[in-house]
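So that you can map any letter, position 201 of the sequence shown is 415 in the working numbering, and since no number is skipped, the others follow by simple counting. Ideal Cβ placement from N, Cα and C applies to all residues, glycine included. Predicted model, so just to flag it, every value in this text is computed and none were measured. The structure appears below as structure tokens.
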Amino acid sequence: MWYDEDSDDDEQKNIGPMNGKITEKNPNYEKKDKCKCTKGCSKRSCSCFKYGSGCNSSCGCGSSCQNMFNHLEYFFGENQKCTANPCFSKWLVKNVKNSDEFQMIDRNKLRRRIMKCPSYSNVLDDEDFEEWTEKWNTIDKNEKLSHTQELFRMLLSNDTTMYYYSFCENDVFEEDCNWHCIICQKCMDWREWHCDKCNKCTYGVSLPCERCGGKSEVSGFF
Ligand SMILES: [Zn+2]
Ligand SMILES: [Zn+2]
Ligand SMILES: [Zn+2]
Ligand SMILES: [Zn+2]
Ligand SMILES: [Zn+2]
Numbered sequence: 215m216w217y218d219e220d221s222d223d224d225e226q227k228n229i230g231p232m233n234g235k236i237t238e239k240n241p242n243y244e245k246k247d248k249c250k251c252t253k254g255c256s257k258r259s260c261s262c263f264k265y266g267s268g269c270n271s272s273c274g275c276g277s278s279c280q281n282m283f284n285h286l287e288y289f290f291g292e293n294q295k296c297t298a299n300p301c302f303s304k305w306l307v308k309n310v311k312n313s314d315e316f317q318m319i320d321r322n323k324l325r326r327r328i329m330k331c332p333s334y335s336n337v338l339d340d341e342d343f344e345e346w347t348e349k350w351n352t353i354d355k356n357e358k359l360s361h362t363q364e365l366f367r368m369l370l371s372n373d374t375t376m377y378y379y380s381f382c383e384n385d386v387f388e389e390d391c392n393w394h395c396i397i398c399q400k401c402m403d404w405r406e407w408h409c410d411k412c413n414k415c416t417y418g419v420s421l422p423c424e425r426c427g428g429k430s431e432v433s434g435f436f
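What follows is the structure in structure tokens.
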């Protein structure tokens with residue numbers, strides 16, 4: 215069919231300039247899959263923890279690892295290789311001390327919070343979310359948890375949907391329009407970018423930084 219060919223083009227367009235580099239906006243891009251910690255991994259000094267991802271057997275930490283992001287199956291379901299997106303990571307770090315405390319987070323409440331946010335109705339036009347909602351309305355009680363986890367994968371992980379849920383702003387955003395800066399730890403507008411010299415996000419569609427006149431070396435924006 216002719217329409218299928220068109221949709222291939224659209225997919226190509228989504229590969230923007232941001233997708234090829236590690237930046238504050240895109241912190242998981244080709245993240246090295248191990249940290250050099252010898253123990254712990256419960257702080258942002260651990261490169262796995264910092265990016266909201268779990269440790270694996272090639273990390274240096276071994277059995278002493280206390281990286282809470284090893285246990286995201288509580289939110290994302292068993293056997294899902296998901297990392298938490300930067301905004302969700304920050305929210306988790308703020309709300310719990312370790313993965314044992316995940317249980318204190320009520321997944322139903324979290325789902326309701328997401329579904330009640332102001333722009334949630336916008337995502338319902340999206341095919342993936344339309345499908346999700348249709349299913350949500352028909353499934354049995356005992357399937358609700360895994361379906362809730364699917365919603366979390368769609369909005370709280372570094373996955374493939376165009377949207378993410380922002381805890382900073384309590385709203386769903388298009389990935390193209392907003393992003394969470396892992397250095398400033400706040401959701402930002404697409405026009406903002408992180409200036410290395412100021413070590414702050416700065417507003418403006420053109421370089422250099424309006425505050426210091428410097429150029430950010432890691433900004434992959436331009
Ligand atoms: Zn570590
Ligand atoms: Zn690690
Ligand atoms: Zn570790
Ligand atoms: Zn945020
Ligand atoms: Zn920033």
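Contact set for GLU225: own chain, Cβ-Cβ below 7 Å, skip 5 residues either direction: Reliability of the predicted coordinates at GLU225 is poor, the pLDDT of 36 falling under 50, and the value obtained from them is presented with this limitation in mind. Same-chain partners within the cutoff: there are none.
Limits of the unbroken alpha helix (DSSP H) element including HIS361: 358-370
Nearest-angstrom Cα separation, counted from GLU364 out to PHE387: 18 Å
Below 5 Å from a heavy atom of ligand 2 - residues by beta-carbon: CYS249, CYS262, CYS269, CYS273
Check: CYS296 C-beta below 7 Å from any heavy atom of ligand 3: Not under cutoff, so the answer is no.
Check: CYS275 C-beta below 7 Å from any heavy atom of ligand 3: Yes, the beta carbon of CYS275 sits closer than 7 Å to at least one heavy atom of ligand 3.
Whole runs of the alpha helix (DSSP H) within the stretch 283-322, excluding any shorter than 4 residues: 287-290, 300-309
Residues bridged to GLU406 [DSSP beta-bridge criterion]: TYR417
ASN309, buried or exposed, once every other Cβ within 10 Å from all chains shown has been counted against 16: exposed
Cα-Cα separation between THR416 and ILE396, rounded to whole angstroms: 14 Å
Identity of the residues DSSP links to CYS279 by a beta bridge: GLY254
N-terminal and C-terminal residue of the alpha helix (DSSP H) that PHE263 is part of: 261-264
Near ligand 4: PHE381 beta-carbon under 7 Å from a heavy atom: yes
Separation of GLY274 from CYS382, as counted between CA atoms: 33 Å
CA-to-CA distance, SER277 to TYR378, given in whole angstroms: 33 Å
C-beta contact flag for PHE289 and PHE343 at 8 Å: No; because the gap between Cβ atoms is not below 8 Å, this pair is not in contact.
Cβ-heavy atom distance, HIS394 to ligand 5, below 7 Å: Distances between the C-beta of HIS394 and the heavy atoms of ligand 5 are all 7 Å or more.
For SER380, the first and last residue of its enclosing beta strand (DSSP E): 377-380
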